[in-house]
Amino acid sequence: MSRLGAEQLTMCEEMLRNIRDVVSARVLLGSDGVLNEVQILAGAERSATEVAADVVAVLKKYFAVEIGPEKVIVTHLQEPVEKDLAAAGDRRPYFAGLNVSSKGNQVEVRVEIAYGNAAVSGVAVGPASTRNRRRLIAQATLMALENWSSQSRYSFILEDLVMVPLAGKRVALVGVSILSSLGEDFLTGSAVVDEEEPEAIVRAVLDAINRRLSVLTG
Numbered sequence: 072m073s074r075l076g077a078e079q080l081t082m083c084e085e086m087l088r089n090i091r092d093v094v095s096a097r098v099l100l101g102s103d104g105v106l107n108e109v110q111i112l113a114g115a116e117r118s119a120t121e122v123a124a125d126v127v128a129v130l131k132k133y134f135a136v137e138i139g140p141e142k143v144i145v146t147h148l149q150e151p152v153e154k155d156l157a158a159a160g161d162r163r164p165y166f167a168g169l170n171v172s173s174k175g176n177q178v179e180v181r182v183e184i185a186y187g188n189a190a191v192s193g194v195a196v197g198p199a200s201t202r203n204r205r206r207l208i209a210q211a212t213l214m215a216l217e218n219w220s221s222q223s224r225y226s227f228i229l230e231d232l233v234m235v236p237l238a239g240k241r242v243a244l245v246g247v248s249i250l251s252s253l254g255e256d257f258l259t260g261s262a263v264v265d266e267e268e269p270e271a272i273v274r275a276v277l278d279a280i281n282r283r284l285s286v287l288t289g
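In our numbering, the protein residues as written are 72 to 289.
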């Protein structure tokens with residue numbers, strides 16, 4: 072089958088953007104929900120055949136949508152999209168640790184992210200409800216990222232956080248706004264909840280922010 076529900080469209084495009092060397096992804100559906108085409112903008116690291124094969128695999132595995140590689144249109148940038156990240160080297164932040172401590176009805180979340188040989192942490196405190204605990208994990212991650220970004224020129228705001236069922240799995244999906252002197256940018260990130268939900272939330276936030284890594288390290 073080659074149908075994809077409209078409600079799955081955003082999640083599908085997010086997962087396609089997580090494919091290595093993919094910069095952007097757009098899924099085109101017909102009025103009957105049939106997938107007509109997938110448009111991919113990719114860097115220069117991988118061939119169009121390799122990228123298209125991964126797109127086909129993701130659609131089949133997570134959305135039960137089967138298409139031929141001829142429906143995947145891959146356009147390459149003239150220069151590798153990651154070339155500006157190479158200058159950053161090991162500065163790409165990654166999850167290093169998380170600690171959650173409760174006292175009465177309050178909970179404190181400390182998230183540590185690392186880059187190269189350095190590490191920074193962020194802390195968020197608030198009511199210990201299940202939903203708010205998730206938001207505190209995301210907010211602590213954003214605080215760590217604010218501490219990490221050069222000269223604290225950026226402010227990060229958690230706009231939304233949801234846990235989405237997808238293909239028998241749960242996926243953490245976050246929406247984050249970045250504020251700077253240049254204006255406002257809205258980003259999304261996602262991570263599959265394999266075992267630990269808190270870690271998946273941290274990874275979803277990092278997934279969103281890493282999309283603008285070249286700006287944050289500039």
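The beta-carbon is built from N, C-alpha and C at its ideal position, and this holds for glycine as well. Treat the numbers as computed from the prediction; the structure is a model and nothing was measured.
Taking the alpha carbon of residue i as the point to measure from, which residue in the options has its own alpha carbon closest?
i	options	result
residue 93	118, 103 and 75	118
residue 196	178, 280 and 137	178
residue 186	198, 215 and 227	215
residue 302	146, 109 and 115	No answer is possible for residue 302: the residues shown for the chain start at 72 and end at 289.
residue 217	188, 204, 173 and 247	247
residue 120	180, 102, 262 and 141	141
residue 172	79, 204, 90 and 229	204
residue 277	139, 183 and 104	183
residue 100	138, 133, 88 and 210	138
residue 290	104, 98 and 102	The structure shown has nothing for residue 290, since the chain only spans 72 to 289.
residue 250	229, 262 and 206	229
Would residue i and residue j be called neighbours here (beta carbons separated by less than 7 angstroms)?
i	j	result
residue 243	residue 208	no
residue 106	residue 75	yes
residue 96	residue 147	no
residue 191	residue 219	yes
residue 126	residue 80	no
residue 294	residue 275	An answer regarding residue 294 cannot be provided, because it is not within the stretch 72 to 289 covered by the chain.
residue 238	residue 259	no
What did DSSP end up calling residue i once you bin it into helix, strand or coil?
i	result
residue 199	coil
residue 225	coil
residue 157	Residue confidence for residue 157 is low, a pLDDT of 41 falling below 50, so the modelled location carries little weight and cannot support an answer.
residue 243	strand
residue 149	With a pLDDT of 45 at residue 149, under the threshold of 50, the modelled position of that residue is not reliable, and no figure is offered here.
residue 188	coil
residue 164	coil
residue 326	Because the chain is modelled from 72 through 289, residue 326 falls outside the range shown and cannot be assessed.
residue 176	coil
residue 137	coil
residue 232	strand
residue 130	helix
residue 80	helix
residue 74	strand
Please confirm whether residue i has its beta-carbon closer than 7 angstroms to some beta-carbon of chain C.
i	result
residue 214	Annotation note: the requested chain C is absent from the structure, which comprises a single protein chain.
Checklist entry - What are the complete beta strand (DSSP E) segments, minimum 3 residues, inside the stretch 83–128? => result List check, beta strand (DSSP E) in window: 93–100 and 106–113.
Next on the checklist: Counting beta carbon pairs with one atom in the stretch 138–147 and one in the stretch 163–171, are three or more of them shorter than 8 angstroms?
Outcome noted: The stretch 163–171 vs the stretch 138–147: no contact.
Next on the checklist: Runs of 3 residues minimum, wholly inside the stretch 245–279: which ones carry the beta strand (DSSP E) assignment?
Outcome noted: Listed in chain order, the complete beta strand (DSSP E) runs (minimum 3 residues) inside the stretch 245–279 are 254–263.
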